[in-house]
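Asker: In the numbering used here, the protein residues as written are 2 to 150.
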Ligand SMILES: [Zn+2]
Ligand SMILES: [Zn+2]
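1) Mapping DSSP to helix, strand and coil, what is residue 100?
2) Buried or exposed for residue 49, please, with buried defined as at least 16 other CB atoms from any protein chain shown within 10 angstroms of its CB.
3) DSSP on residue 121, reduced to helix/strand/coil?
4) Taking residue 115 as the reference, which of 15, 33, 16, 14 has the closest Cα?
5) Tell me, please, which residues DSSP counts as bridged to residue 60.
6) Taking 7 Å as the limit, tell me which residues put their C-beta closer than that to any heavy atom of ligand 1, in chain order.
7) Indicate the three-state DSSP secondary structure (helix, strand or coil) for residue 126 in the structure shown.
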């Protein structure tokens, strides 16, 4: 994505739910937290996050599950695809779309890892992005790259 007016699209596996996002995401991180892992079944989640007003759901109705107070995980009730993480952030709702629900995930490379404290011990990735124990606002990166073995 190069332009603030660029539109990207995505949806669930069966196609019942479709969405569009406009412009650059506020955040693209790899998240290792237990809530993300538990709600997707995956060892890690990667999600470009947009303010709610830059998102339009163009088809279908997503189901919502409140994974912690005020924070929702959404999914397709037909195919079960985990679609988004939605929560208040700095006074507005933000929506993070799981990377593989986007039609062109290559447009949104992550720039950090968050919640390394919750990382599955045997799981790591080979990139040299900064790893934060929790979120960047809570301290410096604890390393840049995979754990030494
Ligand atoms: Zn579906
Ligand atoms: Zn998470």
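Backbone N, C-alpha and C define an ideal beta-carbon position, used for all residues, glycine too. Bear in mind that the values here come from a model prediction, so they are computed numbers and not experimental data.
Answerer: Working from what's here:
1) helix
2) buried
3) coil
4) 33
5) 19
6) 13, 14, 15, 16, 17, 18, 77, 79, 80, 82
7) coil
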